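I have placed the structure first, in the form of structure tokens, so that the comments after it can refer back to it.
In the working numbering, the protein residues as written are 25 to 443.
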């Protein structure tokens, strides 16, 4: 299968270059105008050039935005027929890949992904008279202006921004400063080497609390490699879990209908009407086309249909800063209902086989154990050879017991699969 839960993603090698060329050709023939951008990885220029070559050979006009966040590229895609982001998101530097977007910012649907896969080897090159052209584009600037026109930040607010040396480096610190914040930028060069693991998890960010105290910042906003994600800390240096952020955003926006994933806390159902999807922002985005005011998943992907149906880290960062200027975030967080959630993962080379053996229709969707006072989701990662477990209960003992049940199920099935 070519596409995972968040586009195409794999370790960089010769095959990825060839794949980018073929995908570019398939997109170029199907879409006459294509926006492209890339994150800061050292392989980004090469993969981007391969995609552009394919798209040009397919006859497309390619609007090349260079280094830009994923949501910026998706936002600029509203002027085109499709957009492509060269990124491996939060994966380590040896990885790269491609994310494909519709003009409304939503990811390619499963049907459109399948059409791309089927066309990779079928479509022939255009002749010399029908080649496309490359046109410079500036998606980060365009995206920044749009956000600045929608959100207001209290003048002089001190904000810590950790871009993780990713694509957010070219947008978020400057944008927040231009909006009136006093911004302290961290890990904001674009050399292509990450100073910390790219995924914005609290264990990757032990230095943030002391820097919040040192700078007097009212909050910290954190990006992954392509800035489609945003996680945060409050003024006390406390990490704000993704489930809590989901509820904070929903309350602040007055969202009545929220789309989120099967692994999100059941607490969200106490503040809004909820529809759930398999894990993966593409599924949330697809549902938001039909229903909902706001959507997101606890990993830090927040989707605001007001601007786009692509997860938008810079918009989320600006919105959190606006919130921090109006609300006392620690007090608001303390008032949010919360239940113990446990998340674990284990490396399993044949993760998909194990999930099929457990009865999953789709391994990356997984299976969910439902009980009266809690649940456990077991799923294969869409981007890594891992099985992920998420368990939540009304009490910690219930959450632990559900997690144990899930892990025991996988342990037994793994033995059977090996035999």
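A virtual CB, placed ideally from N, CA and C, is assigned to each residue, including glycine. For clarity, every value in this text was computed on a predicted model and none was experimentally measured.
Cα-Cα separation, residue 429 to residue 422: In the chain shown, counting from the first residue as 1, residue 429 sits at position 405. In the chain shown, counting from the first residue as 1, residue 422 sits at position 398. Going by the C-alpha atoms only, they are around 11 Å apart.
DSSP state of residue 189, grouped into three classes? On the chain shown, position 165 is the one that residue 189 refers to. DSSP places residue 189 in coil when its eight states are reduced to three.
With a 10 Å radius around its C-beta and 16 neighbouring C-beta atoms as the bar for buried, classify residue 268 as buried or exposed. The residue you call residue 268 lines up with position 244 of the chain shown. Label assigned to residue 268: buried.
Are the stretch 190 to 207 and the stretch 238 to 250 touching, with three or more C-beta to C-beta distances below 8 Å? yes
Out of curiosity, what's the CA-to-CA distance linking residue 350 and residue 178? Against the chain shown, residue 350 aligns to sequence position 326. Against the chain shown, residue 178 aligns to sequence position 154. Going by the C-alpha atoms only, they are around 8 Å apart.
Specify, as a first and last residue, the run of the alpha helix (DSSP H) that residue 104 falls within. Counted from its first residue, the chain shown places residue 104 at position 80. Segment: none, residue 104 is in no alpha helix (DSSP H) and carries neither H nor E.
For the beta strand (DSSP E) containing residue 209, list its first residue and its last residue. For this step, residue 209 is matched to residue 185 along the chain shown. Where residue 209 is concerned, the enclosing beta strand (DSSP E) stretches over 206 to 210.
Residue 327 to residue 156 span [Cα, whole Å]: If you number the chain shown from 1, residue 327 lands on position 303. If you number the chain shown from 1, residue 156 lands on position 132. Going from the Cα of residue 327 to the Cα of residue 156 covers about 32 Å.
Tell me the rounded alpha-carbon separation between residue 18 and residue 130. The requested residue 18 is not part of the displayed model; the chain covers only 25 to 443.
Terminal residues of the continuous beta strand (DSSP E) containing residue 247? In the chain shown, the residue the question calls residue 247 occupies position 223. Run containing residue 247: 243 to 247, per the beta strand (DSSP E) assignment.
What span of residues does the beta strand (DSSP E) with residue 281 cover, start to end? What you label residue 281 is simply residue 257 of the chain shown in a count that begins at 1. First-last of the beta strand (DSSP E) with residue 281: 281 to 285.
Considering only DSSP beta bridges, list what residue 410 is partnered with. The residue labelled residue 410 in the question sits at position 386 within the chain shown. In the DSSP output, where bridge partners are listed per residue, residue 410 has 371.
Just the Cα atoms here: how many angstroms apart are residue 184 and residue 244? Residue mapping note: residue 184 aligns to position 160 of the chain shown, counting from 1. Residue mapping note: residue 244 aligns to position 220 of the chain shown, counting from 1. Going by the C-alpha atoms only, they are around 4 Å apart.
Using only alpha-carbon positions, find the residue among 167, 89, 59 that is nearest to residue 335. Counted from its first residue, the chain shown places residue 335 at position 311. The option with the nearest alpha carbon to residue 335 is 167.
Nearest to residue 203 (by Cα), restricted to the options 354, 338, 95, 64: By 1-based counting over the chain shown, the position of residue 203 is 179. Closest by alpha carbon: 338.
Between residue 288 and residue 361, which are expected to be in contact by the criterion C-beta below 8 Å, what is the C-beta distance as a whole number of angstroms? Sequence index remark: in the chain shown, residue 288 carries index 264 (1-based). Sequence index remark: in the chain shown, residue 361 carries index 337 (1-based). Incorrect: roughly 13 Å between the Cβ atoms, too far for contact.
Are the stretch 374 to 391 and the stretch 316 to 326 in contact at 8 Å, needing three or more beta carbon pairs? no
When we look at the beta-carbon of residue 231 and count the other beta-carbons within 10 Å, is it buried (16 or more) or exposed? Here the question's residue 231 lines up with position 207 in the chain shown. That one is exposed.
Between which two residues does the beta strand (DSSP E) holding residue 89 run? Numbered from its first residue, the chain shown carries residue 89 at position 65. Here the beta strand (DSSP E) through residue 89 covers 85 to 91.
Could you check whether the stretch 298 to 307 touches the stretch 94 to 105, counting it as contact only if at least three pairs of C-beta atoms, one from each stretch, sit closer than 8 Å? no
Find out if the Cβ-Cβ distance for the pair residue 87, residue 59 is shorter than 8 Å. On the chain shown, position 63 is the one that residue 87 refers to. On the chain shown, position 35 is the one that residue 59 refers to. In contact: residue 87 and residue 59 (Cβ atoms closer than 8 Å).
Would you mind sorting residue 436 into buried or exposed? The rule is 16 or more other CB atoms within 10 Å of its CB. Locating residue 436 in the chain shown gives position 412, counting from the first residue. Label assigned to residue 436: exposed.
Could you name each continuous alpha helix (DSSP H) segment of 4 residues or more that falls completely within the stretch 302 to 365, going from the start of the chain to the end? 305 to 314, 337 to 350, 353 to 358
Would you report the Cα separation of residue 324 and residue 242, rounded to the nearest angstrom? Within the chain shown, numbered from 1, the residue matching residue 324 stands at position 300. Within the chain shown, numbered from 1, the residue matching residue 242 stands at position 218. Near 19 Å, if we compare the C-alpha coordinates of residue 242 and residue 324.
Cβ pair residue 91, residue 346 closer than 8 Å: Numbered from 1 along the chain shown, position 67 holds the residue referred to as residue 91. Numbered from 1 along the chain shown, position 322 holds the residue referred to as residue 346. Cβ distance not < 8 Å, so residue 91 and residue 346 don't count as in contact.
Buried or exposed (CB count within 10 angstroms, at least 16 for buried), residue 51: Locating residue 51 in the chain shown gives position 27, where the first residue counts as 1. Answer is buried; the Cβ neighbour count reaches 16.
Going by DSSP in three states, residue 258 sits in which element: helix, strand or coil? On the chain shown, residue 258 is found 234 positions in, with the first residue counted as 1. Strand at residue 258.
With DSSP run on the structure shown, which of helix, strand or coil describes residue 391? Mapped onto the chain shown, residue 391 falls at position 367. Correct three-state label for residue 391: strand.
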